[in-house]
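In the numbering used here, the protein residues as written are 8 to 327.
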């Protein structure tokens, strides 16, 4: 097997120190649909499932991460809509999320968060906050739909690719028949300590299936969770976890830019999701919680999410 054409890299500054900005961002998210006590501020509506991840072992030359070796590990999966409103009908939120928390051999957890669109809409925490505030103006009637799009694409040009991808989304037929992109770049640390830039994707064994507009209009409000319940009576939902290796010039610090389609991929293993469970107490799918054998890149949005998740969790744990 040929070795991938890759270049080792050094991680950038991953210090957080942005708690004030994170609180402002969470405030701005709350302004979109109000405060819903006890719920997440984003991806408020969701369903948790039990799962087992069975690694392929093909990651071993590139990383010592314990959940990617040969031992299967338990996991918790949370599927969700992207809305801040926990009672919004599934069909009204075409973008969906899949967050996975792996229980590591020997203790501890690590998380991967994915969405059904391949790139994020903001390059920095500051532009993320600015876009949320523009959306709030639109809700208040100070910006029309076309004016909102113009303001975002004019002042936040990095959002264009993401907005086009989201606009093209069709309602999914099932959480289990959707492709989820983990958006952010990470580093694998190999046994010799070299770092390799990677992104991750979850690919459903069942294939990707969407609904037509007429079919979507006929679905009940919570059709995605109901479909999962029926599915699990017959068989697990299965996803392949793929790693995509970055090449020369591929950005590791910009979640608004996709890497070329021809980058090398390897199969990291399969996730078998077997049933719906109550959400575990204190579940936080922080994507910066990574194990030995991996490192954070200098992606400012990835690092910012640590403080934003902590602030959101603090608020909902306080019942507000």
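Glycine included, every Cβ here is placed at the ideal spot set by N, Cα and C.
Residue i to residue j span [Cα, whole Å]
| i | j | result |
| --- | --- | --- |
| residue 28 | residue 135 | 10 Å |
| residue 90 | residue 307 | 23 Å |
| residue 81 | residue 154 | 47 Å |
| residue 10 | residue 208 | With a pLDDT of only 36 at residue 10, under 50, the local geometry of the prediction cannot be trusted, and the value read off the model is given with reservation. Roughly 21 Å between the two C-alpha positions. |
| residue 111 | residue 175 | 37 Å |
| residue 57 | residue 284 | 6 Å |
| residue 115 | residue 180 | 34 Å |
Member of the options whose CA lies at the smallest distance from the CA of residue i
| i | options | result |
| --- | --- | --- |
| residue 106 | 280, 228, 41 | 280 |
| residue 201 | 300, 323, 188 | 300 |
| residue 130 | 326, 260, 221, 284 | 260 |
| residue 143 | 96, 262, 32, 62 | 32 |
| residue 297 | 234, 246, 273, 193 | 193 |
| residue 245 | 264, 230, 191, 185 | 185 |
| residue 292 | 120, 302, 229 | 120 |
| residue 274 | 240, 113, 205 | 205 |
| residue 53 | 302, 182, 115, 123 | 182 |
| residue 210 | 229, 122, 167 | 122 |
Buried or exposed (CB count within 10 angstroms, at least 16 for buried), residue i
| i | result |
| --- | --- |
| residue 138 | buried |
| residue 22 | Per-residue confidence for residue 22 stands at a pLDDT of 38, beneath the threshold of 50, marking its modelled position as unreliable; no derived number is given. |
| residue 178 | buried |
| residue 310 | buried |
| residue 269 | exposed |
| residue 322 | buried |
Endpoints, alpha helix (DSSP H) assigned at residue i
| i | result |
| --- | --- |
| residue 311 | 307-324 |
| residue 232 | 230-239 |
Cutoff 8 Å: residue i Cβ touching any chain C Cβ
| i | result |
| --- | --- |
| residue 318 | The chain inventory of the structure shown lacks chain C, comprising one protein chain alone. |
Terminal residues of the beta strand (DSSP E) in which residue i lies
| i | result |
| --- | --- |
| residue 279 | 272-284 |
| residue 117 | 116-122 |
| residue 250 | 244-252 |
| residue 106 | 103-110 |
| residue 302 | 301-303 |
heavy atom of the ligand MN below 7 Å from residue i C-beta
| i | result |
| --- | --- |
| residue 302 | No copy of the ligand MN appears in this structure; indeed no ligand is present at all. |
- prompt: Where are the beta strand (DSSP E) runs, 3 residues long or more, that stay fully inside the region 163-222, in chain order?
  reply: 193-196, 202-211
message: Please give the ranges of any alpha helix (DSSP H) in the region 16-91, keeping only runs that are unbroken, at least 4 residues long and fully inside the region.
response: 26-40
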